[in-house]
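Chemist: Before I ask anything, here is the structure I am working with.
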Amino acid sequence: MTSTTDNLVRMANQIAANLQHEPDVPKAVAEHIRLFWDPRMRQLILAPDVSGVSPDVASALDQLRDAS
Amino acid sequence: MKVRISDDALALACGADDVAAAFEAAGADVERTSSWGMHWLEPLVEIDGIGYGPVAVEDVASLVSGQGASVSIGVIADHPFIARQQRLTFARAGKTRPLNLADYEATGGWAGLRQARQLGAEAVIEALIDSGLRGRGGAGFPAGIKWRTVAHAQADQKYIVCNADEGDSGTFADRMVMEGDPFQLIEGMAIAGFAVGATKGYVYIRSEYPHAIQKMQAAVRACAHIVAPFDVEIRVGAGAYVCGEETSLLNSLEGKRGEVRAKPPLPALEGLFGKPTVVNNVLTLATVPWIMAHGAQAYADYGMGRSRGTMPIQIAGNVRFGGLFETAFGITLGELVTDIGGGAASGRPVRAVQVGGPLGAYHPPSQFDTPFDYESFAEIDGLIGHGGLVVFDDSVDMAKQARFAMEFCAAESCGKCTPCRLGSTRGLETLDHIVAGDNVAQNLALVEDLCDTMKFGSLCALGGFTPYPVLSAIKHFSEDFGER
Amino acid sequence: MTYQPQSDFGTPAATSDAQITLTIDGRTVTVPAGTSVMRAAAEQGTSIPKLCATDSLSAFGSCRLCLVEIDGRRGTPASCTTPVEPGMVVHTQTPRLQKLRKGVMELYISDHPLDCLTCGANGDCELQDQAGAVGLRDVRYQPVETHLGQAKDQSNPYFDFDPSKCIVCSRCVRACDEVQGTLALTVQGRGFGSKISAGIASDNFLGSECVSCGACVQACPTATLIEKKVVEIGTPERAVVTTCAYCGVGCTFRAEMRGEQLVRMVPWKEGKANRGHSCVKGRFAWGYAQHQERILKPMIRRSIQDPWQEVSWDDALAYAASELKRISATYGKQALGGITSSRCTNEETFLVQKLVRAGFGNNNVDTCARVCHSPTGYGLKTTFGTSAGTQDFDSVEDSDVILVIGANPTDGHPVFASRMKRRLRKGAKLIVIDPRRTDLVRSPHIEAQHHLALQPGTNVAVLTAMAHTIVTEGLVNEAFVKERCDWDEYQDWASFVSEDRNSPEALEPVTKVPAADLRAAARLYATGGNGAIYYGLGVTEHSQGSSTVMAIANLAMATGNIGRRGVGVNPLRGQNNVQGACDMGSFPHELAGYRHISDAATRALFEREWGVQLESEPGLRIPNMLDAATDGVFKAIYIQGEDILQSDPNTHHVAAGLEAMECVIVHDLFLNETANYAHIFLPGSTFLEKNGTFTNAERRIQPVRKVMTPLNGYEDWEVTQKLAQALGLDWNYAHPSEIMDEIARLTPSFAGVSFDRLDQEGSLQWPVNESAPDGSPIMHVDGFVRGKGKFVVTDYVPTDERTGPRYPLLLTTGRILSQYNVGAQTRRTDNVVWHEEDLLEIHPVDAENRGIKSGDWVRLASRAGETTLRATVTERVAPGVVYTTFHHPLTQANVVTTDYSDWATNCPEYKVTAVQISPSNGPTEWQESYAKLQNNARRIAKAEAAE
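Residue numbers (this note's numbering), protein chains in the order written: chain W, 105 to 172; chain E, 198 to 681; chain X, 3 to 949.
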């Protein structure tokens with residue numbers, strides 16, 4: 105995992121930590137990533153060897169994978 | 198032996214403390230009282246109702262042993278100087294210990310405040326209007342009207358400010374009240390506060406009155422519980438005559454430069470810290486308790502024309518019998534100077550009398566029939582101001598006096614407005630030319646033009662009234678302005 | 003043509019609804035109650051002679067020239083201090099008045115030098131004018147004492163003070179008091195000896211508290227206070243109104259010219275943002291346009307190790323185009339990007355994002371708002387529906403409680419701060435939430451009711467605790483919430499803030515704010531009348547920046563403080579056109595007007611207008627561009643008017659990113675830090691050299707007007723157009739008004755905007771459309787733009803940046819009055835006399851523990867890096883907190899700032915860095931090697947030498 109991906113993991117975890125009040129946290133995280141991350145960033149975080157994501161983020165990434 | 202000696206600043210200057218100490222050393226019981234206001238007799242000593250004065254330390258021994266006839270003046274209250282007066286504001290002068298609450302209460306103290314609280318605010322103001330009391334600082338504005346304006350103003354805070362910046366040369370009445378009857382002043386302020394809805398009062402005392410400052414501070418502490426919830430604070434000026442002008446005083450109180458403010462707005466509506474404020478002279482406020490206790494009509498029954506009540510006149514200068522003479526409006530200038538004052542102390546003929554302070558007109562004996570009242574003096578291009586009069590004998594050089602008027606204005610000018618800031622210096626310089634005999638006629642014409650500019654152009658009475666002494670000197674004493 | 007000063011009615015306008023009719027010189031005039039006789043006469047066309055009166059200051063009554071006669075009144079009252087009354091009959095010119103005025107003037111001239119013909123104010127002197135007006139012919143005095151020959155004070159770099167010409171009208175003192183609010187001037191002494199003084203007698207202007215705003219110079223009727231440029235050059239002959247290029251207040255000035263030479267900038271009295279006031283920067287610090295370091299010719303180089311080569315415009319643009327095409331072909335179109343400027347005009351910014359979207363074919367465009375107010379965009383759009391502040395500046399005049407959080411307006415938005423202070427002096431209450439004791443907390447005549455000196459990084463906790471107080475103590479404006487917001491969302495939020503763990507007491511260990519103070523402040527905001535919140539980068543530049551903005555919006559909605567004058571949520575936008583840059587679609591996920599790029603209808607509108615297909619996925623933000631560069635996939639960038647190497651956080655990261663790119667195009671005025679890594683330099687033009695518009699923090703679009711030919715040959719929009727043309731795009735704008743017309747066609751909130759309308763109205767606040775044809779001073783008046791206001795739960799999530807034994811202090815950063823941002827402009831003016839270096843503020847306790855005194859060099863180290871600068875020991879910061887500014891590149895302040903950023907927008911967390919301070923011997927290795935790199939990278943080989 106490159107440092108860019110480390111960074112993306114950290115960003116995603118941070119997003120989730122700040123959306124805890126949402127009724128569906130993974131959905132909100134997925135929506136945020138869809139609206140604001142460029143395709144390459146999304147690709148990198150959806151890569152199979154990515155680790156360190158929080159459970160909410162993992163769920164969100166699943167949703168993004170299913171959507172694309 | 199019970200001995201009463203004043204601790205008023207003038208008495209102290211004449212040695213009253215030493216005389217008092219000598220009596221104490223001799224075993225007498227010495228009470229320090231307010232001054233009777235008979236300056237040529239200080240230090241004045243009262244023993245069993247008989248007055249002795251002026252008393253030197255050397256005289257003490259014989260007085261103690263009962264041999265004071267040579268300096269005796271008899272019963273003080275019967276002395277013509279006192280007997281001829283109508284002392285309403287100065288009723289207690291010489292009779293009580295200034296900071297003694299029991300003395301104050303025993304002589305009718307707090308009766309006014311009690312009465313006011315019973316009458317209610319509106320009735321108090323009506324009474325003040327009916328009494329005809331006008332501002333005794335000099336402007337002569339009806340005090341009741343001013344109070345009514347403040348009472349009707351809407352604000353979360355209002356103030357009573359007592360103008361104790363008595364800067365006029367030859368005046369001392371405010372000082373005598375503060376040093377001699379401080380509770381009366383505080384009572385007057387408390388009544389004012391009650392009437393207009395002000396919970397806070399300030400007394401602005403000139404820095405040159407240290408004894409008055411001390412006495413007032415002690416008095417405020419002593420009677421705080423009686424006038425509560427009204428709270429009084431003593432504030433000290435810093436050596437500026439102009440801060441006797443009410444708006445400049447307010448600026449000084451606020452910690453700003455003592456610069457005059459333009460009116461409108463009137464302080465009654467936007468005064469201290471922008472709040473509705475009653476600004477009144479010491480004498481005005483100190484007279485209020487009497488009016489409340491005895492009724493408005495009783496006060497208005499004294500006086501003449503539109504000048505109702507009594508005026509505490511201060512006789513000073515080159516005069517035999519100087520002091521505090523409180524009487525109803527209407528007495529003539531000549532009576533004051535000649536009959537009561539006894540003419541010049543030097544024995545020489547009186548040449549001029551300046552009435553109303555350093556910005557008042559100089560009056561020759563030909564004007565001595567003028568009644569002492571606001572309107573009568575205005576008609577002869579004069580003013581009674583704060584009630585001070587200063588006597589000059591025939592050795593006076595009126596050109597120099599005219600120059601002094603400009604010099605005084607220049608020294609005390611706040612500097613805000615052009616006619617006063619620049620005019621007083623230019624006036625001084627031009628009068629110097631006149632005194633030196635340069636181009637007298639032209640320079641006199643220039644002085645007259647300048648006086649016109651100052652009279653109608655100045656922002657306040659400092660520049661505005663300087664023409665009074667100058668023009669009256671030129672008019673009535675033109676011989677002093679001729680070519681030398 | 004003679005110089006025409008701005009009109010002056012003598013005293014300020016009255017605001018009453020009641021009208022009064024009176025007669026002046028036989029003619030009737032009707033004016034609002036409270037107007038002075040002087041102003042009523044002026045409005046009727048009669049100028050009563052005056053010297054101390056001027057309509058930016060309250061009447062003073064000191065010169066005594068303006069005397070009039072009023073029927074039924076004694077004497078000759080001053081018309082400036084006399085309010086009109088119904089039926090008043092006034093005579094302004096009578097023999098008596100003439101005589102009096104001559105008398106006054108005669109006194110003035112008896113104490114004034116008679117060197118009019120060689121005086122700097124010749125032709126622009128009110129004393130001259132009035133001496134003529136009153137007909138003075140003769141000065142009869144033989145003065146002995148005068149003020150002639152007093153020494154001049156020339157200490158200030160921009161203006162002179164000559165007391166020998168002073169007429170003690172006190173306009174300067176009053177301007178400093180009433181307009182600026184610094185109260186630096188006074189009259190020393192009294193009477194004839196009165197002398198204007200900048201402090202105590204031994205102070206000169208430079209050494210005093212004067213902030214050089216120029217209000218006194220503008221107010222002075224004589225040559226006593228005069229711009230040095232006027233003395234040097236002469237009186238201006240014409241004036242062009244334009245807008246300042248410094249901060250987000252957007253002051254409008256008259257650029258007073260002689261030919262193409264700018265003589266001085268004078269604040270425009272009709273400017274709605276500044277109302278005739280200015281600060282030192284806009285007023286005086288415009289000399290950078292002619293600075294010797296300004297680059298006027300395009301330059302290129304193959305490698306950043308090479309010196310620059312000056313080339314022609316055609317060659318530079320051709321080279322740029324060929325590189326961009328090569329890189330696009332080699333690495334794909336996602337390898338290119340652009341950064342728009344927040345200092346350039348709306349039209350220029352629009353073209354840069356259009357170049358990226360229509361030319362490069364992607365959405366990799368971003369702007370400096372990323373690093374400052376992007377959380378404002380996100381937070382206010384989410385809660386209210388508009389990515390901008392809700393009020394205009396005038397609104398502060400109706401505020402009763404002003405809450406300033408994370409902002410230092412007396413330094414960053416000085417002209418607005420002066421307006422705010424004016425309102426505070428009139429009795430409005432102030433709450434300041436800031437770790438540092440800013441000037442606003444306590445300064446002459448201003449004192450905050452509450453200063454909540456919170457721990458850096460705990461904004462959300464403090465605001466949540468305030469919300470807790472307001473909700474649990476029953477201070478919510480339920481009527482407002484029910485009508486204007488989503489009630490369910492409100493209830494969720496209310497129960498969240500009401501939890502015990504969110505009480506001021508529970509959060510005190512974290513915030514370090516005493517609970518009683520916090521509760522009192524919350525109550526004051528909720529119940530003190532009109533409550534207005536003003537905030538700045540101390541809110542946004544945090545890992546929870548967006549959350550804080552939403553927390554602020556929550557408080558405003560809960561207390562009903564939205565939708566009228568005196569209230570609102572007001573982000574103090576930093577730069578002159580950062581609002582505009584955001585409006586123009588500079589963000590990678592949004593087109594102009596804040597419409598998401600994924601929205602097909604919006605995209606179609608642009609595609610039709612531009613004739614190309616647009617990418618529908620969001621593009622890269624600046625930090626992500628740099629990540630992608632170090633990953634080897636982002637290779638080319640076009641940067642207009644931004645210096646990311648100095649201003650962005652984590653300098654090492656930025657440098658690495660830039661170094662990894664193959665084509666860095668910098669379009670700027672000077673060789674800045676970013677240019678050290680550039681391959682192509684395109685010289686830019688200043689705001690004096692272009693036409694266009696800026697949009698300030700009030701959403702106010704204001705014209706920028708060209709007053710001189712661009713020294714570099716082209717206006718910036720022309721350069722972007724030429725680059726586009728070099729890339730084969732068919733752009734043919736002949737004038738920026740055409741660009742604005744295009745913006746208006748494409749952006750509903752700009753629909754009614756055009757250069758013609760701006761010329762007519764002076765300025766317009768967007769939205770300007772059918773429902774608001776004259777613009778929108780106050781927003782969300784009847785309803786929120788998104789419909790119902792949205793309450794968003796903002797739980798406190800502490801930043802990952804923690805202090806520890808190695809880095810026990812917290813660093814926060816800010817700006818200072820005389821320098822602007824990275825100092826590119828202000829360091830190249832005489833403003834350097836005030837702030838020659840960035841200093842580290844450290845509390846006495848922390849300093850003593852480390853053996854540090856003021857003036858010592860100290861090492862500032864964080865986990866990201868270290869740098870060296872000098873310390874100043876002060877109690878403005880609390881123990882445990884240190885502070886510095888970032889105006890000087892050699893300070894390299896951003897070497898120590900971290901990678902942490904706001905969760906929603908990646909706005910960097912400049913305001914919270916864990917650091918250690920220790921004594922130092924001198925610059926760090928990085929600083930020394932950087933200085934070498936800087937020198938190396940700035941070598942220019944002149945074109946002629948090649949021959």
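Beta carbons are placed, not taken as given, at the ideal position from N, Cα and C, and that holds for glycine.
Going by the CB atoms, is the gap between phenylalanine 565 of chain E and glycine 531 of chain E shorter than 9 Å?
Modeler: yes
Chemist: Under 9 Å, CB to CB, which of the residues in the segment 133 to 156 of chain X have a partner in chain E?
Modeler: Arg142, Tyr143, Gln144, Pro145, Val146 and Glu147
Chemist: Going by DSSP in three states, arginine 759 of chain X sits in which element: helix, strand or coil?
Modeler: helix
Chemist: Provide the residue(s) that pair with phenylalanine 683 of chain X in DSSP beta bridges, ordered along the chain.
Modeler: X:Met301 and X:Val668
Chemist: Distance, Cα to Cα, threonine 870 of chain X vs leucine 690 of chain X?
Modeler: When rounded, the separation of the alpha-carbon atoms in threonine 870 of chain X and leucine 690 of chain X is 37 Å.
Chemist: Please go through the same chain and pick out, in chain order, the residues whose beta-carbon is closer than 8 Å to the beta-carbon of asparagine 923 of chain X, but skip the five residues on each side of it.
Modeler: Trp859.
Chemist: Of all the CB atoms in chain W, is at least one closer than 9 Å to the CB of proline 590 of chain X?
Modeler: At least one C-beta of chain W is nearer than 9 Å to the C-beta of proline 590 of chain X.
Chemist: For the putative contact between valine 219 of chain X and leucine 227 of chain X, defined by C-beta atoms under 8 Å, what is the C-beta separation to the nearest angstrom?
Modeler: 4 Å
Chemist: Would proline 300 of chain X and proline 685 of chain X be called neighbours here (beta carbons separated by less than 9 Å)?
Modeler: In this structure, proline 685 of chain X lies closer than 9 Å to proline 300 of chain X by Cβ.
Chemist: Considering only the alpha carbon of each residue, which of X:Leu187, X:Phe163 and X:Gln263 lies closest to glutamate 229 of chain X?
Modeler: X:Phe163
Chemist: What are the boundary residues of the alpha helix (DSSP H) that glutamine 639 of chain E is part of?
Modeler: 637 to 654
Chemist: In this structure, how does DSSP classify arginine 240 of chain X when only helix, strand and coil are distinguished?
Modeler: strand
Chemist: Just verifying my parser: in three-state terms, what is the DSSP assignment at isoleucine 581 of chain E?
Modeler: Correct three-state label for isoleucine 581 of chain E: coil.
Chemist: Spatial neighbours of proline 881 of chain X within its chain, please: C-beta separation below 7 Å, excluding the five flanking residues on both sides.
Modeler: His845, Val847 and Asp848
Chemist: Any residues in the segment 140 to 152 of chain W with a beta carbon nearer than 7 Å to a beta carbon of chain X? Which ones, in chain order?
Modeler: Phe140, Trp141, Asp142, Pro143, Arg144 and Met145
Chemist: Once DSSP output is grouped into helix, strand and coil, what is the label at tyrosine 932 of chain X?
Modeler: Three-state result, tyrosine 932 of chain X: helix.
Chemist: Would you identify the three-state DSSP class for glutamine 307 of chain X, choosing helix, strand or coil?
Modeler: coil
Chemist: When the Cα atoms are used, what is the spatial distance from phenylalanine 362 of chain X to alanine 337 of chain X?
Modeler: 9 Å
Chemist: Whole angstroms are fine: how far does the CA of threonine 471 of chain X sit from the CA of alanine 518 of chain X?
Modeler: If I take the Cα positions, the gap works out to 10 Å.
Chemist: So, for threonine 396 of chain E: in the same chain, excluding its five sequence neighbours on each side, which residues have a beta-carbon less than 7 Å away from its beta-carbon?
Modeler: Gly390, Pro426, Phe427 and Asp428
Chemist: So is glutamine 118 of chain W in contact with chain X if we call contact Cβ pairs under 9 Å?
Modeler: Yes, glutamine 118 of chain W lies at the interface with chain X (some Cβ there is under 9 Å from its Cβ).
Chemist: Is it right to say phenylalanine 752 of chain X is buried, meaning 16 or more other beta carbons lie within 10 angstroms of its own, or is it exposed?
Modeler: buried
Chemist: Report the rounded CA-to-CA distance for valine 233 of chain X versus arginine 266 of chain X, giving the unit in angstroms.
Modeler: 11 Å
Chemist: Please compile the residues from chain E whose C-beta is within a distance smaller than 9 Å of the C-beta of glycine 63 of chain X.
Modeler: Val457, Arg458, Ala459, Lys460, Lys613, Cys614 and Leu656
Chemist: With aspartate 428 of chain E as the anchor, note down where its beta strand (DSSP E) starts and where it stops.
Modeler: 428 to 433
Chemist: Return the chain-ordered list of same chain residues with a C-beta closer than 7 Å to the C-beta of alanine 213 of chain E, the five sequence neighbours on each side being excluded.
Modeler: Shown here for alanine 213 of chain E: same chain residues with a beta carbon closer than 7 Å to its own, the five before and five after excluded, namely Ile202, Ser203, Asp204, Glu239 and Pro240 in chain order.
Chemist: Assuming alanine 370 of chain E contacts glutamine 511 of chain E under a Cβ cut-off of 8 Å, what Cβ separation, rounded to an integer in Å, is found between them?
Modeler: 5 Å
Chemist: Given leucine 647 of chain X, which residues of its chain have a CB within under 6 Å of its CB, disregarding the five upstream and five downstream residues?
Modeler: Val656, Glu675 and Thr676
Chemist: Closer than 8 Å by beta-carbon distance: list the chain X residues that pair up with glutamate 626 of chain E, in chain order.
Modeler: The answer, in chain order, is Tyr143, Gln144, Pro145, Val146 and Glu147.
Chemist: Work out the CA separation of glycine 785 of chain X and leucine 469 of chain E for me, nearest whole Å.
Modeler: 44 Å
Chemist: Using the three-state DSSP reduction, which class does tryptophan 612 of chain X fall into: helix, strand or coil?
Modeler: helix
Chemist: By alpha-carbon positions, which one of X:Asn578, X:Arg941, X:Gln493 and X:Lys428 ends up nearest to cysteine 953 of chain X?
Modeler: There is no way to answer for residue 953 of chain X, as the model of chain X reaches only from 3 to 949.
Chemist: Just to confirm, is the Cβ distance from valine 824 of chain X to aspartate 645 of chain X under 9 Å?
Modeler: In terms of Cβ geometry, valine 824 of chain X and aspartate 645 of chain X form a close pair [threshold 9 Å].
Chemist: Give me, in chain order, the residues of the same chain whose beta-carbon lies closer than 6 Å to that of valine 374 of chain E; leave out the 5 immediate sequence neighbours on both sides.
Modeler: Leu382, Val479 and Ala483
Chemist: Considering just the uninterrupted stretch of the alpha helix (DSSP H) at glutamate 619 of chain X, what are its terminal residues?
Modeler: Unbroken run through glutamate 619 of chain X: none, as it is neither H nor E.
Chemist: Shorter than 9 Å from the beta carbon of serine 107 of chain W to some beta carbon of chain X?
Modeler: Yes, because at least one Cβ of chain X sits closer than 9 Å to the Cβ of serine 107 of chain W.
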